[in-house]
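Q: Below: one structure in structure tokens.
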Amino acid sequence: MNFEDFAFYDYRDAKSMHDYIKSQITNKSKKTYLFLDEIQEVDGFEMALNSLRVSENVDIYITGSNSNLLSGELATYLAGRYFQIFVYPFSFKEYVAAKSAIEASRLDELFLAYVQEGGMPFVVVENLPRRTKDNYLKDIYNSVILKDIIERNRIRDVELLERVIQFSFSNIGQIFSATGIAKYLKSQSRQGKTDTLLNYLGYCKDAFLLYPLKRHDLRGKRIFSTNEKYYVVDHGLREAMLGKNSNDIQQVLENIIALEAIRRGYTVTVGYVGEFEIDFVLERGSEKAYVQVTYLLTSDNTIEREFRPLLEVKDNYRKIVVSLDPILQPRAGIEHMRIENFLLEDYWT
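Using our numbering, the letters of the sequence shown map in sequence onto residues 1264 to 1612.
As structure tokens, then:
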């Protein structure tokens, strides 16, 4: 049942939906699977779902708009009786699978296209002009801004919110804080209270537009609570809004790796070993890996910058430098991989 479909308009209250579903369950000896889309359109849906769960042999799947149904509300509505599945834009692996059904291209060409397009499924699978794709991504951006952030949080200063988001998009992979944004705005003759800016960043996180990564002191084994790095849910959105993915390739590559690790269920932090920074520390259960991301290892200084932090980590977990270099240069037990191959690897699924 898709409750945006007018055919189900008469079932947009808990009692009507409950009674209709019960009438459709004809074989009670077998499990019935319920798929309910845009469930927030049903007034009091949680009462109907809880009743069906205890009275029928059912497996229930619900989806809902971020603006009306976020994880905090699910906890209130369903009281822990649910398992949440996050749906992300296409990974590079999914992008390759989708594109391979449409066109035959070399892997490096597909990756460069992925850097520009991002992973929103409609953009990937539809053969549309670039301008049309950009307009579609801008519409998604505006929908997230208007529905999931502005209306939901009753934001009055919309222009300030958009400045915060534009700043975050421009500075993905850079450490910044609400205080840093306030200083930037002041340089632009625009005022913004630190608490307000911090709230705005939190709203973007709640709407799954931005993903903050905390800093991790690997020697002291503690997590810093301030000055995080932020990444955007889809780098194609960034390209559509800023048009600078090719110019900011280092930042975009980091964004792709960060979201890939989050997509695969890792806890991702930015690692510090003394004065050295490691782009990503990936942890999932007993698994752990350290990843450095760079565009190209073009000089001895770049090689030193990328490999040295990993050499400072004195454990036996996997350590990897990923880049777009055609010739690989592993050393001292540290792997060097092409970023495309790293993203397609099954090892860390």
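Glycine included, C-beta positions come from ideal geometry on N, C-alpha and C.
Would TYR1553 and VAL1544 be called neighbours here (beta carbons separated by less than 8 angstroms)?
A: Yes. Within cutoff.
Q: Assuming ARG1501 contacts ASN1510 under a Cβ cut-off of 8 angstroms, what Cβ separation, rounded to an integer in Å, is found between them?
A: Not a contact, Cβ separation roughly 11 angstroms.
Q: Does the region 1445-1460 come close enough to the region 1384-1391 that 3 or more CB-CB pairs lie under 8 angstroms?
A: No, they do not touch.
Q: Which residue's Cα is closest to the Cα of GLU1309: HIS1281, MET1383 and ALA1445?
A: Checking every option, the nearest Cα to that of GLU1309 belongs to HIS1281.
Q: In this structure, does DSSP put SER1586 in helix, strand or coil?
A: Note: SER1586 maps to strand in three-state DSSP.
Q: Pop quiz: PHE1430 and ILE1408 are said to be a contact at Cβ under 8 angstroms. What is the actual Cβ separation, rounded to whole angstroms?
A: Contact doesn't hold; Cβ gap of about 14 angstroms is too wide.
Q: Which residue or residues does DSSP assign as beta-bridge partners of THR1530?
A: Answer by DSSP bridge pairing, in chain order: GLU1546.
Q: Under 8 angstroms, with one C-beta from each stretch per pair, do the region 1374-1385 and the region 1469-1486 reach the 3-pair mark?
A: As far as the Cβ criterion goes, the region 1374-1385 does not touch the region 1469-1486, which means the pair count is below three.
Q: Smallest Cα separation from THR1561: which of GLU1550, GLU1546, ASN1579 and PRO1589?
A: For the residues GLU1550, GLU1546, ASN1579 and PRO1589, the minimum Cα distance to THR1561 belongs to PRO1589.
Q: Along the chain, where does the beta strand (DSSP E) that runs through ASP1609 open and close?
A: First-last for ASP1609: undefined, no H or E at that position.
Q: Going by CA-CA distance only, name the one from ALA1441, ASN1564 and ALA1277 that's closest to GLY1307.
A: Of ALA1441, ASN1564 and ALA1277, the residue nearest in Cα terms is ALA1277.
Q: Buried or exposed for ARG1426, going by 16 or more other Cβ atoms inside 10 Å?
A: Label assigned to ARG1426: buried.
Q: Under the three-state reduction of DSSP, which class applies to THR1295: helix, strand or coil?
A: Reduced to three states, the DSSP call for THR1295 is strand.
Q: Does the distance from the CB of ASP1518 to the CB of GLY1436 come in under 8 angstroms?
A: It should be pointed out that residue 1518 corresponds to Asn in this sequence rather than to Asp. Taking 8 angstroms as the Cβ cut-off, ASN1518 and GLY1436 qualify as a contacting pair.
Q: Which of the three DSSP states, helix, strand or coil, is assigned to PHE1539?
A: Looking at PHE1539 - three-state DSSP - the assignment turns out to be strand.
Q: For VAL1350, does the count of other Cβ atoms within 10 angstroms reach 16, so buried, or fall short, so exposed?
A: By the neighbour-count rule (16 or more Cβ atoms within 10 Å), VAL1350 is not buried but exposed.
Q: Does GLN1555 come out as helix, strand or coil in the three-state DSSP assignment?
A: GLN1555 falls in the strand class under three-state DSSP.
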